[in-house]
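Going left to right, the sequence shown walks through residues 39 to 212 as our numbering numbers them. Glycine residues also receive a C-beta, built at the ideal position from the N, C-alpha and C atoms. These numbers were taken from a predicted model, which means no experiment stands behind them. Right, one structure below, let's go through it.
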Amino acid sequence: MQPEIKKCHICGRESSFYSEYLKQSLCKKHLERMLTKRIRSALISKDYKQRKFRLSPDNSDAYKIEKFVFREDNKSSLLLMNFTLEDFALSVLDYFLSGNKPKQKIGSKTFFNPLYTASDEEIAAFLTSKGEKTKPKKITKKQEYLMEFIKDIEKRRPGGMLSIVKMGEKIGII
Ligand SMILES: [Zn+2]
Numbered sequence: 039m040q041p042e043i044k045k046c047h048i049c050g051r052e053s054s055f056y057s058e059y060l061k062q063s064l065c066k067k068h069l070e071r072m073l074t075k076r077i078r079s080a081l082i083s084k085d086y087k088q089r090k091f092r093l094s095p096d097n098s099d100a101y102k103i104e105k106f107v108f109r110e111d112n113k114s115s116l117l118l119m120n121f122t123l124e125d126f127a128l129s130v131l132d133y134f135l136s137g138n139k140p141k142q143k144i145g146s147k148t149f150f151n152p153l154y155t156a157s158d159e160e161i162a163a164f165l166t167s168k169g170e171k172t173k174p175k176k177i178t179k180k181q182e183y184l185m186e187f188i189k190d191i192e193k194r195r196p197g198g199m200l201s202i203v204k205m206g207e208k209i210g211i212i
């Protein structure tokens, strides 16, 4: 059961989002700060030197949040892509269960997925607080089944979805 907490953990103002993973309620401002910081530091931790980026305009929620968080420049040598934590968790789990090699990588010299530690739910909450429309991703039946499994892991152990992705990263399949 989700605890009934209505105040932001940081400032005490009315909260708009509860993070099961962080066990924190956050107001709009602090949700935005927390997520912006995590997304930017995902990139910085990989030692990319670029300050401006090419984006991948596909009308997804991922693209929309990247427009808020990063500075766009079509001449940049680094392309930011739009796969999220869920996308990577799904492909790592699929690899463990069926041996199918993931199609997407977290990054290379020329591209990076800065949302690989950000969940669709967090991204949607961020966009909603900015007054943007969000839309759920289309996934296949098989992915739907795998996602049920991932959600169950996440419920039993908040942060479990991220652990799956980190494991995939460690063994070099994504
Ligand atoms: Zn706050």
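It is roughly 26 Å from the alpha-carbon of Asn138 to the alpha-carbon of Ala80.
DSSP places Gln142 outside both helix and strand once states are collapsed to three, so it counts as coil. In this structure, Leu184 places its C-beta atom within 7 Å of the C-beta atom of Leu131. Proximity to Thr178 across Leu116, Ser115, Asp125 peaks at Asp125, based on C-alpha coordinates.
Across the set Glu192, Ser201, Tyr101, the C-alpha of Tyr101 shows the shortest separation from the C-alpha of Arg92. With respect to the C-alpha of Ser146, the residue from Lys168, Lys84, Lys45 having the closest C-alpha is Lys84.
Rounded to the nearest angstrom, the gap between the Cα atoms of Phe150 and Glu159 is 21 Å.
The three-state secondary structure of Arg109, taken from DSSP, is strand. Excluding its 5 nearest sequence neighbours in each direction, Thr166 has C-beta neighbours in its own chain below 7 Å: Thr172, listed in chain order. If only complete runs of 4 or more residues are kept, the stretch 140-188 shows the alpha helix (DSSP H) at 158-167, in order along the chain. Taking a cut-off of 7 Å from the heavy atoms of ligand 1, the residues with a C-beta inside it are Cys46, Ile48, Cys49, Arg51, Leu64, Cys65, Lys67, His68.
Distances from the alpha-carbon of Lys168 to those of Lys180, Ile191, Phe121, Asp99 put Asp99 closest. In this structure, Leu123 lies away from Ala163, with their beta-carbon atoms at least 7 Å apart.
If you look at Ser63, you'll find it in the beta strand (DSSP E) that goes 62-64.
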